[in-house]
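In full-length UniProt numbering, the protein residues as written are 1 to 138. Notes follow once the structure below has been shown.
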Amino acid sequence: MKTGPVPKREDQRRRRNTDGTPTTKGQARGAAFIPAANADWHPLAIQLYDALETSGQSDYFEDSDWAYAQIVCEALSNCLKASRMSAQMFQAVDSAMARLLVTEGDRRRLRLELNKAPEADPDERDAYSIIEEYANRG
């Protein structure tokens, strides 16, 4: 895992320098089996695990990634259920979650950018698009 500041998004970078190292590519074995979340986990661990399934980075997950996600959520659940949360244990869980690309910063460090799906409801527009539409009317 790369360290340091979170890189800018690809469209925000001015320089396109590369280190010239080629990417090793392989073939995925097909759709990964996604085991169900453990009902005994803490509710927040279940929420995280379920969110992984619907997140864009899970398109790249293999069976081993889902097994690892279960281990991480088990550790997170134990951490959250403890009478006193261990900072060291939480740091280990947080580091493990970074390997699953849970946050945008984690994904950008590995140069994986997920674009938001278009809005389903055209009436839910941001203020900028409404002002821009009004200005274009003439």
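Think of the CB as a built atom: it goes at the ideal place given N, C-alpha and C, for glycine as much as any other residue. Just so you know, these numbers come straight off a predicted model, no measurement behind them.
Secondary structure at residue i, three-state DSSP: helix, strand or coil?
| i | result |
| --- | --- |
| residue 4 | coil |
| residue 59 | helix |
| residue 54 | helix |
| residue 66 | helix |
| residue 32 | coil |
| residue 136 | helix |
| residue 114 | coil |
| residue 83 | coil |
| residue 38 | coil |
Could you tell me the distance, in whole angstroms, from the CA atom of residue i to the CA atom of residue j?
| i | j | result |
| --- | --- | --- |
| residue 65 | residue 85 | 26 Å |
| residue 29 | residue 43 | 32 Å |
| residue 81 | residue 46 | 13 Å |
| residue 99 | residue 106 | 8 Å |
| residue 62 | residue 78 | 25 Å |
| residue 36 | residue 51 | 12 Å |
| residue 60 | residue 91 | 25 Å |
| residue 32 | residue 88 | 32 Å |
| residue 41 | residue 113 | 30 Å |
| residue 71 | residue 56 | 20 Å |
| residue 115 | residue 83 | 39 Å |
| residue 39 | residue 73 | 11 Å |
| residue 96 | residue 110 | 15 Å |
| residue 104 | residue 137 | 37 Å |
The alpha helix (DSSP H) spanning residue i covers which residue range?
| i | result |
| --- | --- |
| residue 95 | 87 to 99 |
| residue 105 | 104 to 109 |
How about residue i and residue j: are their beta carbons less than 8 Å apart?
| i | j | result |
| --- | --- | --- |
| residue 102 | residue 75 | no |
| residue 49 | residue 67 | no |
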